[in-house]
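**Q** Got a structure for you, questions after.
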Amino acid sequence: MQNMKNQVRGSGIDARSNPANVSDGLQNSSGHIGANTRYRLTKLGEQMARLPIDPKIARILLAAKKHDCMAEILVIASALSIQDPRERPLEARDAATKAHERFTDKQSDFLTYLNIWDSFQRERDKGLSNKQLVQWCRQYFLSHLRMREWRELHHQLAQTAIEMGLTTKEAAFRQPPTQEQLRPSESQGDQDLAAKLKQKQLDKKQHRAQIRAAKEAGYEQIHRALLTGLIANVGMKSPDGNDYTGARGSRFHLFPASALFKAKPKWVMAAELVETTRLYARDVAVIQPEWIEQEAPHLVRYHYFEPHWEQKRGEVVASERVTLYGLTVLPRRPVSYGKVAPEEAREIFIRGALVAQESNLQTAFFAHNKKLIKEITELEHKSRKQDVLVDDEALFAFYNERLPELVWKDAKGGVWGSEEGGQTQSDKIAGQNGQANQRNAGRVAQAAHADFKDADNREREPSSHTLQNVSDDPKPKKQPVFQKGRLKPLPLADIRTFEAWLKTAERDNPRLLFLSRDDLMQHAAAHITEEQFPKFWQTADGKFKLSYRFEPHHPLDGVTMTVPLTVLNRLHAPSLEWLVPGMLREKIQLLIKALPKQIRRICVPVPDFITKFLESNPDRQAAIIPQLAHFIAKSAGDMRILEQIDQDAWAAQELPEHCYLNLRIIDDGGQELAGGRKLHELQQQLGQAAAVTFRDNTQEFERDNVTAWDIGTLPESIKFARGKQQLTGYLGLQREKDGRIALRLFDTNEAAEQAHRQGVIELMKLQLKEQVKDLNKGIQGFTQAAMLLKHINADTLRDDLTQAVCDRAFIGEDELPRNEKAFKEQIKRARSRLPAVKEALSRYLQETAAAYAELNGKLGKHPLTHLLRQRLQTLLAAGFATRTPWAQWPRLPIYLKAMTLRLEKYSSNPARDAAREADIQELEQMWQEKTDSLVKQGLPISDDLAAFKWMIEELRVSLFAQELKTPYPVSVKRLMKEWEKIGK
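FYI, the numbering for the sequence shown is 300 to 1283, going by my numbering.
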C-alpha cells in the first residue's frame, strides 16, 4: 500500500474540509482512499481550503507562488474554472476555427487562454464601449458573457491570493505584454543598400531569438505550476500508435480541436480527460518528463534493477526507473545502490571489487592478494586442473568476516567500523552521564539499517543479487537528521568509503585483509614443479619465456613460447613436439588412443607404457611418432608391427590444441608480429623478415662486392651478441640480385650452404672468365637442340645449360671451399673438368632433343597424348637442366624413348596400360603428398626421398619399355618396400 500520510501531506488535503473535495484531492494524489484513515490538516491544506475552487486548481495556484508566475496562473486557473469562452456554432464552425487561430499556441492550449485574455485586455485598454467589446467578441467567436464571468472569477481569485499573502496587488493582475517593434540598427545610416539589407535580416533574427527565449523561460514556470494539480492527467505517446498511455494504464487521444492534435508530442499534460466515443484529453500542453519527478516526488515510485559493481565509478551502481501510477517517467538512470540496499550493495562490492579484483585499489593488501592469487592461478594453468585455488565463495567469506556491516563517519571526516570506535573522549563521558541508551555493536548495525530503510524505502526489482524483497512504498520522507555527537552511518559500497575505513582499521591490524597461501590453496600442489613446468625453453640461442594457460578453445590454451623474430628460422619443429615434461604424458596418451585397437593393446597399461617409453631416453630433437612406433614394435617383440602402423595417417590425427606448443613471435620492441601452433606456417609468413632482421647490426661480419677470395677463412658458424641474447650465425657467399657477390650472415646452416654453393660458382666464373665466355657462346649442337625444344626460350635454355655445366664442373660432388687455398685448388680442378663436362652435356642434350622430337611427332590425337604431355612438362620444363641431377642426364633420352614405345604398344592392350599407370600413380601420389608435407612444415627433403622420384621414372621404363632396360631392378613391390624404409 502506498503511504497515504505522505500523499495527503503532499497534496495538501485536510479531512475537515469539504468531503467531496477531500475525495477528489486524494484521487488526484494517489488514487486510493482509506476507509478508516484519519487525516490531519497541513499548512498547504489550510491554504487550499481558503480557495473556493477545485482542489486541483487550488494546488496550482499555490505552486505558482513558488515558480513566480502568479499573474499567468490566476488567468489560466480562472479560465479552467468556467466554461470555455470560445464559441463554435455548427453553422460557422470553419469560420470560428479560423478566427481562433490568432490566439492559438502551438505548444500549449493553456497559453491559448493567456493569448485570449491579453487580446481582450488590449481592446479594453483602448477605451472601447461595452457595445464595441461585444462586437469584437462576436468577430472572434468569443462569448462576451463568459469573458465577463472569467474576469469576475479572476478578480475574486486575485483578491483571495492577495489576502493569503501569495502575491501582491501589483503582481496579481496581468498586464498584456507590449509587442515591441523591431528597431533598426543605429549604424545603418552609413551603410550601402546591400549592407542595410543584410543588417536588417540579422536584426530580425536576433529579435525573434529574444522573443523565443523570453517565451521559453515563462513556458516552463507556468507549466510546472500547472503540473502540480494536473499530475494525474499526464500521458506518453504510444510508440506504435497515435494514442497516449496515461496514469493507471489508461489510454486516451488528443481532442481534435487541440492545437497539438497534429503534432502529437511525446509527453503531454491535460486539464481534463473526457470520455465520449473515446477517452479524450482536452486543453493539453507539451511537458518534459523530468518535471513530473521534481514537482510530485511524493507520487512517483522508484524501481531498482540490475545492481552491479562498476569499476570506472568505483561503486555499486543500479539502474533506477521512475514511474507515476504505473507510467514510466524515466526508464533508466544509474544511481548509487548503497543508499538503497546497503546490505546487498556491500555484498556486491565485496564480490566485484575485492573477490573479482575489478578495481584500481592502490593498497598494500590488494597488491599482495592479487599477486598471490596470480601465482596460484598459474599453478592451475600448468596442471590444467582447477583444483588448487579456492573458489570465490571462500574469498567472499574471508572478506565478509573482516569487513563491517556498516561504517560510521564522525564530524572530522574519520570513518570507523563501529559507532563506539569513532567517539571522542568527551562523547564517551557525555554518553556515560546523560545517554542511557548504550547498545552493543549488533544493535547499532540494526538501528543504522533501519535508518537506511526509512530514508530510502524504494522498490527493488528481483535480480541475481537481491532476495526479491519488493517494497510497495513510494519514495518516502528524507533521511533522518542525526543528533549532534551521533555518528553518521555509511554503506560500505564504494572505493572511497572503503579506503577511508581501511585507513583507520589498519592502525590496529596492518595485515587485516592480507591473504595467505593457506587461505587460497585447496592442496599443496607438490607435483607442479619447475622441472615439470619450466619457466623458460632452453636452446642453443638462449632461453625463451614460457607461459601457461588453462582455458580450452582459447587461442592461448596450453603452453606458449615467446620467440624473437631473429631466431624464428632456427627453431626445429620436431623438438617442439615434446612440449614440457608436465604436459608430455597427456600428449603421448592421446597419441596412443588414436592407434588402431589391435596395436593399442600392446600399450596397456598406458601410464606404465608411457613411463617406460620416457625412461628409454628418446631423442628430444627428433619427431615423437617414429620413435613411439619403434618402441611399440620393440615392446611387442615383433618389428613387423611397424609395417602395420601408418605413421603419416597417425601424424595427421588432430589432437587438442593444448597438445601443440603455441608460438608468439615478437620484434625487438616486444610487439607481437604473429602467433600460432604451426611452425612451418609462421616461417613461411615471416621467414624472409626473420632472415633480414637476423642480419641487422652484423655489418662487421659481412662484405659487399667480393671479386676475389680475399675474405680469409670462413668459419662454419659464428657466435655474436644481440642485446641480452647470444646468437649463432653462418657465413657464406651469396649472389645478389644485381649479379654481384657478397659475404652474408645467415640464420640457418641450410640457407648458408645453399647460398654459398651458388656464391662460390659465381666467384669462380670471375676467375675463369675466358672459359665462361667460351661456354656462353653455346654448347656444340645447341642451335639444333633449341629448335627441337622450341617450347623453351632459347636464351633461357642457354643460361640453364651454362649453369648446369658450371655447377657440375666447378663443384660437382666436392666439398665447398671455405678458405683461399681450397678455393684456388677448386679452380684448378674446374679448369681440367670443364671440357669433359661440356662435351658430355652436349651429347646428352642432343640425344634428349632428338628423342623429344620423335615423341612429339607421334602424339597427335593418341589417347595417351594428354597424360604424356604432362610427363614431358615434368621432365623438360624450363630450368630442367639445373633441376636434373647429373646422374640422371644419361637417362633422360631413355625416359622419352620409353614413352614412344608405350604409344606403339598401347593399342594391343589398353587395359594393361591403364592398370600399370594406376600402380605408378599411387606411388607418385604418395611421394607428392610426403614432399608437400615436408615443404609445408619447412623440413628438408632427404636424398632418399629425392631419389625415389627417379625410381618411379625407372619403373615406367620397366613396365612400358622393358627392352630399354634399367640400371637396377625395379618393380612396384620393390618400390613399396623402399617407401617403407623411407617412412621409417
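Heads up, the beta-carbon is just placed ideally off N, CA and C, and yes, glycines get one too.
Candidates Phe-1045, Ala-460, Gly-1038 and Ile-1040: which alpha carbon is nearest Gly-1028's?
**A** Locating residue 1028 in the sequence shown gives position 729, counting from the first residue. Measuring from the Cα of Gly-1028, the nearest candidate turns out to be Phe-1045.
**Q** Three Cβ pairs or more, each shorter than 8 angstroms: is that satisfied between the stretch 633–644 and the stretch 658–672?
**A** Segments in contact, no.
**Q** Based on Cα-Cα distance, which residue from Leu-812, Arg-683, Pro-1189 and Leu-626 lies nearest to Glu-700?
**A** For the purposes of this step, residue 700 is identified with residue 401 of the sequence shown, where counting begins at 1. Cα-wise, what sits closest to Glu-700 is Leu-812.
**Q** Applying the criterion that 16 or more other CB atoms from any shown protein chain within 10 Å of the CB defines a buried residue, is Thr-828 buried or exposed?
**A** By one-based count along the sequence shown, residue 828 stands at place 529. Exposed.
**Q** Nearest-angstrom Cα distance between Ala-663 and His-852?
**A** Mapped onto the sequence shown, residue 663 falls at position 364. Mapped onto the sequence shown, residue 852 falls at position 553. Their backbone Cα atoms lie some 35 angstroms apart in a straight line.
**Q** Give the range of the beta strand (DSSP E) segment to which Phe-1045 is assigned.
**A** As a working mapping, residue 1045 is identified with position 746 in the sequence shown. Note, Phe-1045: beta strand (DSSP E), 1040–1045.
**Q** Comparing alpha-carbon positions, which option in Lys-565, Thr-527, Val-583 and Trp-416 lies nearest Phe-554?
**A** Residue 554 sits at position 255 when you count from the first residue of the sequence shown. For Phe-554, the nearest C-alpha among the options comes from Val-583.
**Q** Going by CA-CA distance only, name the one from Gln-946, Ile-375, Ala-932 and Thr-1047 that's closest to Ala-989.
**A** Indexing the sequence shown from 1 puts residue 989 at position 690. Cα-wise, what sits closest to Ala-989 is Thr-1047.
**Q** Considering Cα atoms alone, identify which of Ala-370, Lys-886, Ala-1007 and Pro-873 is closest to Leu-954.
**A** As a position in the sequence shown, residue 954 is number 655, starting the count at 1. Checking every option, the nearest Cα to that of Leu-954 belongs to Lys-886.
**Q** Assign Ser-682 to one of two classes, buried (16 or more other C-beta atoms within 10 Å of its C-beta) or exposed (fewer than that).
**A** Here residue 682 refers to the residue found at position 383 of the sequence shown. Buried: at least 16 other Cβ atoms inside 10 Å.
**Q** Just to confirm the assignment, what range does the beta strand (DSSP E) spanning Ser-557 have?
**A** Locating residue 557 in the sequence shown gives position 258, where the first residue counts as 1. Counting along the chain, Ser-557 falls outside any beta strand (DSSP E), and DSSP gives it neither H nor E.
**Q** To the nearest angstrom, how far is the alpha carbon of Glu-448 from that of Arg-423?
**A** Here residue 448 is taken as the residue at index 149 of the sequence shown, counted from 1. Here residue 423 is taken as the residue at index 124 of the sequence shown, counted from 1. Answer to the nearest angstrom: the Cα atoms are 15 angstroms apart.
**Q** Do Ile-359 and Thr-466 have their CB atoms nearer than 8 angstroms?
**A** By one-based count along the sequence shown, residue 359 stands at place 60. By one-based count along the sequence shown, residue 466 stands at place 167. Against a cut-off of 8 angstroms, the Cβ pair of Thr-466 and Ile-359 comes out as no contact.
**Q** Rounded to the nearest angstrom, what separates Gln-984 and Glu-1124 at their Cα positions?
**A** As a working note, residue 984 is residue 685 in the sequence shown. As a working note, residue 1124 is residue 825 in the sequence shown. Taking the straight line joining both Cα atoms gives about 41 angstroms.
**Q** With Trp-1188 and Tyr-1143 assumed to form a contact (beta carbons below 8 angstroms), what rounded beta-carbon distance in angstroms separates them?
**A** On the sequence shown, position 889 is the one that residue 1188 refers to. On the sequence shown, position 844 is the one that residue 1143 refers to. 4 angstroms between Cβ atoms; contact.
**Q** When burial is assigned at 16 or more other CB atoms within 10 Å of the CB, is Tyr-1194 buried or exposed?
**A** Position 895 of the sequence shown, counted from the start, is the residue given in the question as residue 1194. By the 10 Å Cβ count, Tyr-1194 comes out buried.
**Q** By Cβ distance below 8 angstroms, which residues in the same chain neighbour Phe-781 in space, the five residues on each side in sequence not counted?
**A** On the sequence shown, residue 781 is found 482 positions in, with the first residue counted as 1. Since pLDDT at Phe-781 reaches only 42, below the 50 mark, its modelled position is unreliable, and the value read off the structure follows with that caveat. Hits under 8 angstroms: Lys-787.
**Q** Output the boundary residues of the beta strand (DSSP E) element that contains Leu-1289.
**A** The requested residue 1289 is not part of the displayed model; the chain covers only 300 to 1283.
**Q** Just to confirm the assignment: which complete beta strand (DSSP E) runs, minimum length 3, are found wholly within the stretch 790–865?
**A** Those beta strand (DSSP E) runs which fall completely within the stretch 790–865 and span 3+ residues are 835–838, 841–848 and 857–863.
**Q** Helix, strand or coil: which one does DSSP assign to Ser-1270?
**A** As a position in the sequence shown, residue 1270 is number 971, starting the count at 1. Of the three classes helix, strand and coil, the one that applies to Ser-1270 here is coil, per DSSP.
**Q** Would you decide whether Pro-630 is buried or exposed? Buried here means 16 or more other CB atoms lie within 10 Å of its CB.
**A** Taking the sequence shown and counting its residues from 1, one reaches residue 630 at position 331. Label assigned to Pro-630: exposed.
**Q** Any chance you could list the beta strand (DSSP E) runs of at least 3 consecutive residues sitting entirely within the stretch 564–588, in chain order?
**A** Correct list: 566–574 and 578–585.
**Q** Determine whether the beta carbon atoms of Leu-705 and Pro-641 lie at a separation below 8 angstroms.
**A** Stepping through the sequence shown from its first residue, residue 705 is reached at position 406. Stepping through the sequence shown from its first residue, residue 641 is reached at position 342. Contact flag set, yes.
**Q** Starting from Lys-536, trace the beta strand (DSSP E) in both directions and tell me its first and last residue.
**A** Within the sequence shown, numbered from 1, the residue matching residue 536 stands at position 237. First-last of the beta strand (DSSP E) with Lys-536: 533–536.
**Q** Check Phe-250 in the structure and name its three-state DSSP category.
**A** No information on residue 250 is available, as it lies outside the stretch 300 to 1283 that the chain covers here.
**Q** How about Ala-370 and Arg-450: do their beta carbons lie closer than 8 angstroms?
**A** Taking the sequence shown and counting its residues from 1, the one referred to as residue 370 is at position 71. Taking the sequence shown and counting its residues from 1, the one referred to as residue 450 is at position 151. No, they are not a contact pair.
**Q** With H, G and I counted as helix, E and B as strand and the rest as coil, what does DSSP make of Gly-1031?
**A** Translated into the one-based positions of the sequence shown, residue 1031 becomes position 732. Residue state, collapsed to three classes: strand.
**Q** Quick one: give me the first and last residue of the beta strand (DSSP E) that Ala-973 is part of.
**A** To locate residue 973, count along the sequence shown from 1; it is residue 674. 971–975 is the span of the beta strand (DSSP E), which, as asked, contains Ala-973.
**Q** What is the C-beta distance between Leu-1154 and Met-1198, in whole angstroms, given that I count them as a contact (C-beta under 8 angstroms)?
**A** The residue given as residue 1154 occupies position 855 in the sequence shown. The residue given as residue 1198 occupies position 899 in the sequence shown. Sure, about 5 angstroms apart at Cβ, within 8 angstroms.
**Q** So what's Phe-472 in DSSP terms, helix, strand or just coil?
**A** As a working mapping, residue 472 is identified with position 173 in the sequence shown. Phe-472: coil per DSSP, three-state reduction.
**Q** For Trp-1008, which of helix, strand or coil comes out of DSSP?
**A** Here residue 1008 refers to the residue found at position 709 of the sequence shown. Three-state result, Trp-1008: coil.
**Q** Do you know how far the Cα of Phe-1122 is from the Cα of Met-1275?
**A** Working through the sequence shown from its first residue, we reach residue 1275 at position 976. Working through the sequence shown from its first residue, we reach residue 1122 at position 823. C-alpha separation (whole angstroms): 43 angstroms.
**Q** Leaving out five residues on either side along the sequence, give the residues of the same chain with a beta carbon under 6 angstroms from the beta carbon of Glu-1061.
**A** Along the sequence shown, read from residue 1 onward, the residue named residue 1061 stands at position 762. Here the set comprises Arg-1034 and Ile-1040.
**Q** Hey, could you find the ends of the alpha helix (DSSP H) Glu-646 is sitting in?
**A** Reading the sequence shown from its first residue, position 347 is the one you call residue 646. Here the alpha helix (DSSP H) through Glu-646 covers 641–648.
**Q** Where Asp-250 and Gln-520 are concerned, what is the direct C-alpha to C-alpha distance, given to the nearest angstrom?
**A** Since the first residue of the chain shown is 300 and the last is 1283, residue 250 is not available in this structure.
**Q** Spatial neighbours of Asp-686 within its chain, please: C-beta separation below 8 angstroms, excluding the five flanking residues on both sides.
**A** Reading the sequence shown from its first residue, position 387 is the one you call residue 686. These residues qualify, in order along the chain: Glu-679, Gln-821 and His-822.
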